[in-house]
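Participant: Counted from 1, the first sequence has number 198 at position 197 by the numbering used here; the numbering is strictly sequential.
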Amino acid sequence: MTMKIFNSYTNALETFVPRHPGVVSMYVCGPTVYNYIHIGNARPVVFFDTVRRYFAAKGNRVRFVSNFTDVDDKIIAKAKEQGKDEASVSQFFIDAFLRDVAALGSSVDYVQPRVTRYMDKIIDYIADLVKEDYAYVVDGDVYFRVSKFAEYGRLSNRKLDDLIAGARVEVNEKKESPLDFTLWKKTAEGIRWDSPFSVGRPGWHTECVAMIDDIFGEEIDIHGGGMDLMFPHHENEIAQACAHDHHRVARYWMHNGRLDIGGEKMSKSLGNDIKVKDLAGDLRGYRMYLLATHYRAPLSFSLENLESYQKEWAKDEKSVQTLFRTLDRNRTLQPHAVLSDPEIASTLTQFDEAMENDFNTPNALTAWNVLLKIINNLLRRPSEPSVMNQALEAARYMLGVLGLEPVLKPLDGEERALFTAWDDARKAKDFAAADRFRAELVRRDLI
RNA sequence: GGACCUAUAGCCAAGAGGAAAGGCAAGGGACUGCAACUCCCUGACCGUUGGUUCGAAUCCGACUAGGUCCUCCA
2 MTMKIFNSYT
12 NALETFVPRH
22 PGVVSMYVCG
32 PTVYNYIHIG
42 NARPVVFFDT
52 VRRYFAAKGN
62 RVRFVSNFTD
72 VDDKIIAKAK
82 EQGKDEASVS
92 QFFIDAFLRD
102 VAALGSSVDY
112 VQPRVTRYMD
122 KIIDYIADLV
132 KEDYAYVVDG
142 DVYFRVSKFA
152 EYGRLSNRKL
162 DDLIAGARVE
172 VNEKKESPLD
182 FTLWKKTAEG
192 IRWDSPFSVG
202 RPGWHTECVA
212 MIDDIFGEEI
222 DIHGGGMDLM
232 FPHHENEIAQ
242 ACAHDHHRVA
252 RYWMHNGRLD
262 IGGEKMSKSL
272 GNDIKVKDLA
282 GDLRGYRMYL
292 LATHYRAPLS
302 FSLENLESYQ
312 KEWAKDEKSV
322 QTLFRTLDRN
332 RTLQPHAVLS
342 DPEIASTLTQ
352 FDEAMENDFN
362 TPNALTAWNV
372 LLKIINNLLR
382 RPSEPSVMNQ
392 ALEAARYMLG
402 VLGLEPVLKP
412 LDGEERALFT
422 AWDDARKAKD
432 FAAADRFRAE
442 LVRRDLI
């Protein structure tokens, strides 16, 4: 099979070949930590984690990096408002972010560079751009000279003339061109650093390329983020990297589509923004909801749909748990089953084909549903332990890739005895006792 | 003003030129000591309208409705 990825840079479906065989390098734009993340922020968090899981499941070593933007006007404003320093504000929301990420079933085990800890490298990067004449200093501010980069606009498919025509009346007269973007801003307020240009702080476009250059030291395989970052942020990253590092940051650019609420943009002014931490119920149901739509398509959120997917996820998890417990009760659990059953094997093929087709997670979920039906049928009647173990193995693989991992715990002696007692009571037609044991099993969430 | 995206059953959603996947909800049936879970069966003039084609949900044009970007935003 061949991995196909839609490359936003070329606007085409391309065969994915990592630069170094067996190693996939990924960078995903992370959050500006001035608030809790909302449900739209969860989309790239879940999707790119799934990409990572798939590559890892296929035996690759995945080098996954995602930054924290902990220098920003909004953080400074928040710190001022709360009478704290910027570092404690950003640390608070970094912690909150990582809790949300974990609750969504995404791994928090990745490289997490922060702007505040990258200041020297960011300043050096900007200084290099100035030295090479790709950037210029005016009154302590530094701007990137877009006119020097002929390919500007290629990623977002824009023409320079259109951009200039559409540009707002530029209040900043220091810039040579309204398209030039800020690399460094001189400031007397808030968190700031000394630099060869002035005392100030960096613009937010340089951090990602400085981090990528430092951590990977070469063009990476995949750069991901939301479609709304394509312009200007990613365009600006490419411009800087081409000037400084002589490559386009990443060989494959991936952009996820936007999430809205009931067809309306989610925004504070409409009063319809929802924070991840405020969602009720198991967030893995939300993960399933997010993965049920292809990552590039727009997704319209509703609480009704969330509940529907949460219910579905609960049923799915229950089936796998029942399969696991049945094998456990019969002492026929095998740690690693070899997949020889053709029906089960074909669901795996179907699953992989979906994933290899530009991470078509909706179709991967369809393959999962086929396997789920097989599992439920195996559970309806006495079945071969070896086939059941294969089904469990396949389920673990698929759900592991999707980040929807059921909690599977072996039964302890007491639980095992309870199942036996229930069985015995039913066999003896002592239904009053059977109902008591059943109620206890339900109470313990074992059936 | 410029650049785009989306429109498939009550809801969610695949499919991207050759007989409309899947899930949820709903109805019917089966299993069960009674339940729950589960299983089986039942659903589509693919936004409207012109065109291209032997053949269009899929390609092209127009229209309608929503949305995005050009300005902080995943």
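C-beta atoms are modelled at their ideal positions from N, C-alpha and C, and glycine is treated no differently.
Between the alpha carbons of leucine 280 and lysine 316, how many angstroms are there, rounded?
Facilitator: 19 Å
Participant: Using the rule of at least 16 other Cβ atoms within 10 Å of the residue's Cβ for burial, across every protein chain shown, is threonine 362 buried or exposed?
Facilitator: buried
Participant: Quick check on this structure: which residue in Phe438, Asp125, Ser91 and Gln241 has the alpha carbon closest to the alpha carbon of aspartate 152?
Facilitator: Here residue 152 is glutamate; the residue named in the question, aspartate, does not match the sequence. Among Phe438, Asp125, Ser91 and Gln241, the Cα nearest to that of glutamate 152 belongs to Gln241.
Participant: Compute the beta-carbon to beta-carbon distance between leucine 156 and serine 9, rounded to the nearest angstrom, for a pair I have assumed lies under 8 Å.
Facilitator: 7 Å
Participant: Using the beta-carbon count (16 or more within 10 Å), is glycine 414 buried or exposed?
Facilitator: Burial state of glycine 414 is exposed, judged by a 10 Å Cβ sphere holding fewer than 16 other Cβ atoms.
Participant: Leaving aside the five residues before and after proline 386 along the sequence, list all residues of the same chain whose C-beta is less than 6 Å from its C-beta, in chain order.
Facilitator: Around proline 386: Thr333.
Participant: Measure from the alpha carbon of aspartate 129 to the alpha carbon of each residue in Phe325, Met4 and Asp246, then state which is nearest.
Facilitator: Comparing Cα-Cα distances from aspartate 129 to each of Phe325, Met4 and Asp246, the minimum goes to Asp246.
Participant: Any contact between the stretch 173 to 186 and the stretch 132 to 149? By contact I mean 3 or more CB pairs, one from each, below 8 Å.
Facilitator: yes
Participant: Taking leucine 373 as the reference, which of Gln391, Pro45, Ile124 and Gly154 has the closest Cα?
Facilitator: Gln391
Participant: For aspartate 101, count the other beta carbons within 10 Å of its own beta carbon; 16 or more makes it buried, fewer makes it exposed. Which is it?
Facilitator: buried
Participant: Between the alpha carbons of glutamate 174 and isoleucine 223, how many angstroms are there, rounded?
Facilitator: Those two C-alpha atoms are separated by around 36 Å.
Participant: Could you give the DSSP three-state label for valine 63: helix, strand or coil?
Facilitator: strand
Participant: Please classify glycine 31 as buried or exposed, where buried requires at least 16 other C-beta atoms within 10 Å of its C-beta.
Facilitator: buried
Participant: Please classify glutamate 265: does DSSP put it in a helix, a strand, or coil?
Facilitator: strand
Participant: Could you check the C-alpha separation between alanine 103 and tyrosine 253 for me, to the nearest Å?
Facilitator: 26 Å
Participant: Just to confirm before moving on: does the CB-CB distance between leucine 409 and alanine 43 stay below 8 Å?
Facilitator: Not in contact: leucine 409 and alanine 43 (Cβ atoms no closer than 8 Å).
Participant: Starting from leucine 184, trace the beta strand (DSSP E) in both directions and tell me its first and last residue.
Facilitator: According to the DSSP assignment, leucine 184 belongs to the beta strand (DSSP E) that extends over 183 to 187.
Participant: Taking the continuous beta strand (DSSP E) assigned at threonine 294, which residues delimit it?
Facilitator: Counting along the chain, threonine 294 falls outside any beta strand (DSSP E), and DSSP gives it neither H nor E.
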